[in-house]
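Student:
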Amino acid sequence: MKNLNKDNFEEIIKTIHSVCVSISRTKNLRKNNNSNPQDTEAIYRDNIFVQLNSYPSSFENFVNCEANNNHGKTDIIIPFKNEKKYIAECATLKEKDRGYKIEKKYEQLIYNTTEKDNKISLIFFVLKREFKPNQILEEIEKIIKKQSDNNNFHNKQIKYKNSDWIIKTRVKRFPEIDFYIHIGVYNFFYDEKYSKIQK
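For the sequence shown, my numbering gives the first residue as 2, with consecutive numbering after it.
(1) On the three-pair Cβ rule with 8 Å, is the region 106-118 touching the region 76-92?
(2) Roughly how many angstroms separate the alpha carbons of Phe190 and Phe132, rounded to a whole number?
(3) Would DSSP call Gln199 helix, strand or coil?
(4) Below 8 Å on the Cβ atoms is my guess for Phe50 versus Met2; work out the distance and round it to an integer in Å.
(5) Examine the ligand FMN and report whether any of its heavy atoms sits within less than 7 Å of the Cβ of Arg174.
(6) Evaluate the contact criterion for the region 98-106 versus the region 163-174: three or more CB pairs, one atom per stretch, below 8 Å.
(7) Look at the alpha carbon of Arg171 and the alpha carbon of Ile78, and state the distance between them as a whole number of angstroms.
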């Protein structure tokens with residue numbers, strides 16, 4: 002496998018963004034997935050996994066889903082040279098979910114990393130009637146600052162407006178290493194009431 006570098010990281014982010022934007026525009030897919038709340042997160046995650054792991058992806062047949070890394074299972078892992086790995090954690094955010102769930106998912110992501118896994122993703126599938134991506138990002142920023150080495154992050158880069166960002170930080174577990182955390186926030190809410198009106 003190749004090295005985990007900026008270009009590969011960018012390709013992964015672009016693929017995730019493309020898949021999630023497509024899902025957000027596909028009414029029937031959101032409707033079917035959201036009708037089975039127990040498995041919603043896994044279904045959306047598997048859409049990303051399939052795309053990353055299939056031709057013509059550069060990572061064809063190298064992507065693992067629900068695989069062990071460091072202390073536990075993580076949602077998506079891609080191995081690279083020199084024992085480096087890209088890892089991602091996914092979560093749904095429903096109407097009543099607040100900062101606690103975001104913080105727990107971030108802690109899980111960091112807990113499952115090693116000092117070599119410094120390019121990672123935290124992906125949220127938002128099932129709220131009011132989609133407020135920047136508000137969710139602000140919550141994530143507070144959590145990252147609180148759990149960083151110096152109670153702050155170094156910089157933030159917008160990849161795709163209102164959905165994808167990269168935050169550079171140093172986490173307390175690995176204070177000498179720069180981590181690049183891709184934050185993806187996608188609107189997957191399906192309005193059943195609106196759908197009935199349109200029939």
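Idealized CB from N, CA, C, for every residue including glycine.
Treat the numbers as computed from the prediction; the structure is a model and nothing was measured.
Tutor: A quick look at the data gives this:
(1) With a cut-off of 8 Å on Cβ pairs, the region 106-118 is in contact with the region 76-92, counting three or more such pairs.
(2) Here residue 190 is taken as the residue at index 189 of the sequence shown, counted from 1. Here residue 132 is taken as the residue at index 131 of the sequence shown, counted from 1. Looking at the two C-alpha atoms, the distance is approximately 8 Å.
(3) Within the sequence shown, residue 199 is the residue found at index 198, counting from 1. Unreliable placement is indicated for Gln199, whose pLDDT of 47 sits below 50; the coordinate value is still reported in the next sentence. Here Gln199 carries a helix assignment [DSSP, helix/strand/coil].
(4) Against the sequence shown, residue 50 aligns to sequence position 49. Against the sequence shown, residue 2 aligns to sequence position 1. Between Phe50 and Met2 the beta-carbon gap is near 17 Å, outside 8 Å, which marks them as no contact.
(5) Ligands are entirely absent from the displayed structure, and the ligand FMN is therefore not among its contents.
(6) No, the region 98-106 is not in contact with the region 163-174.
(7) Indexing the sequence shown from 1 puts residue 171 at position 170. Indexing the sequence shown from 1 puts residue 78 at position 77. Here the alpha carbon of Arg171 sits roughly 21 Å from the alpha carbon of Ile78.
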